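See below for the structure under consideration.
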Amino acid sequence: MVNYKDLGLVNTREMFAKAVDGGYAIPAFNFNNMEQLQAIIKACAETKSPVILQVSSGARKYANQTLLRYMAEGAVEYAKELGWEHPQICLHLDHGDTFELCKSCVDFGFSSVMIDGSSLPYEENIALTKKVVDYAHQYDVTVEAELGVLAGVEDDVVAEESHYTKPEEVIDFATRTGCDSLAISIGTSHGAYKFKPEQCTRDPQTGKLVPPPLAFDVLEEIEKKLPGFPIVLHGSSSVPQEYVDIINTHGGNLPDAVGIPEDQLRKAAKSAVCKINIDSDSRLAFTAAVRKVFAEKPGEFDPRKYCGPARDEMTKLYKHKIIEVLGSDGKAE
Ligand code: G3H
Ligand code: 13P
Ligand code: ZN
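Counting from 1 along the sequence shown, just add 1245 to a position and that's the residue number in my numbering.
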């Protein structure tokens, strides 16, 4: 049994309480490799932003859960080396799907876990979430739950269409499970293709897709039912068109990739939404930078010469999100 507090990590309780009060959101960035982690920590150290490092099932398969946990432990020391005196770093399991997986993460030093029972019938979601909460809270590990289904691919769970969270269920769900935060469905989805072209309009000038707005009316209803309760938005990449264009003009093929416009996320961050999940944008930044190096310097074969620029581009992206979208800069001095 490893306690996350001994690793210098923090859970989400205080982060979320301050974010809800202060009208900003904590960035939850997924990491799968060293360059991504370095970029996240550098961006957060330079902006003094609290951060949630997320480990998905894909990341565990790709990089190994043990290695990722030790990397997060190293990240706390790296943050201090960068001059961040009191780093507020949470290590979070993203989309945990079983009690056993959540337990193994709690036992291994994660400070927060998500149990995603959103694809289960309501009562089964409650029972599974409560079981995880009862275990995790013994060690002061915080638990995120999910109610409502996001469109698209939820890790291995394929959801064909989105089912918005039903506001009339949230009080019962939060009370009976004891979860610390709740991920909701209001129109976001995972990946770089968040809307089908037929759901969007097209900007006549650029020819780019303009997505429909998020269901803020549902969010407002939920906030009324659970005042001050921490709400989480998954699938919140904006799919920056400058990266899509670089990728497409340098040998890639991402036709009609589209995300959540940043003004929608800014509005969400000012509400009860206090955790905003971003993964795909970092993948796009990485890929755009690598494709550019490959196209411009075909003789390059040292991975540091293309992963380095990719790391710089991700750092720029994370800082932009923190300062211009979430407003979490300066909240962890
Ligand atoms: O929730 C989705 C995340 O972007 C993680 O996806 O399992 O492919 O790493 P992944
Ligand atoms: P994106 O695919 O929009 O980056 O969402 C990531 C996410 O929700 C991770 O849980
Ligand atoms: Zn997610």
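Where a beta carbon is used, it is the ideal one built from N, C-alpha and C, also for glycine. Computed from a predicted model, the values in this text were never measured in an experiment.
Going down the chain, each residue whose beta-carbon is closer than 6 angstroms to a heavy atom of the ligand G3H shows up: Asn1275, Ser1301, Ser1302, Gly1303, Ala1304, Asp1339, His1340, Asp1400, His1435, Asp1524. Taken in chain order, the whole beta strand (DSSP E) runs of length 3 or more contained in the region 1496-1528 are 1518-1523. The Cβ neighbour count for Ala1262, taken over all protein chains shown within 10 Å, is under 16; the residue is labelled exposed.
Membership of Thr1311 in the alpha helix (DSSP H) is indicated by the continuous run 1310-1326. Within 10 angstroms of the beta-carbon of Asp1251 lie fewer than 16 other beta-carbons, which makes it exposed. The criterion of a C-beta distance shorter than 9 angstroms is satisfied by Gly1267 and Lys1576. Under the three-state reduction of DSSP, Gly1341 is assigned to strand. The three-state secondary structure of Leu1336, taken from DSSP, is strand. When secondary structure is reduced to three states using DSSP, Asn1277 falls in the coil class, being assigned neither helix nor strand. Residue nearest to Cys1519 within the set Ser1481, Leu1327, Arg1556, Ile1360 is Ser1481 (criterion: CA-CA distance). By the CB criterion at 9 angstroms, Leu1529 and Val1570 fall outside the cutoff. Note on Arg1549: under 16 other CB atoms within 10 angstroms of its CB, so exposed under the neighbour-count rule.
According to DSSP, residue pairing for Glu1569 in a beta bridge does not occur.
For Asn1498, the shortest C-beta to heavy atom distance toward the ligand ZN is 8 angstroms or greater.
Judged by beta-carbon spacing, Pro1457 lies beyond the 9 angstroms limit of Thr1257, meaning their Cβ atoms are not closer than that value.
Annotated three-state conformation of Ile1286 is helix, per DSSP. Taking a 10 Å sphere around the C-beta of Ala1540, we find fewer than 16 other C-beta atoms and assign the residue as exposed.
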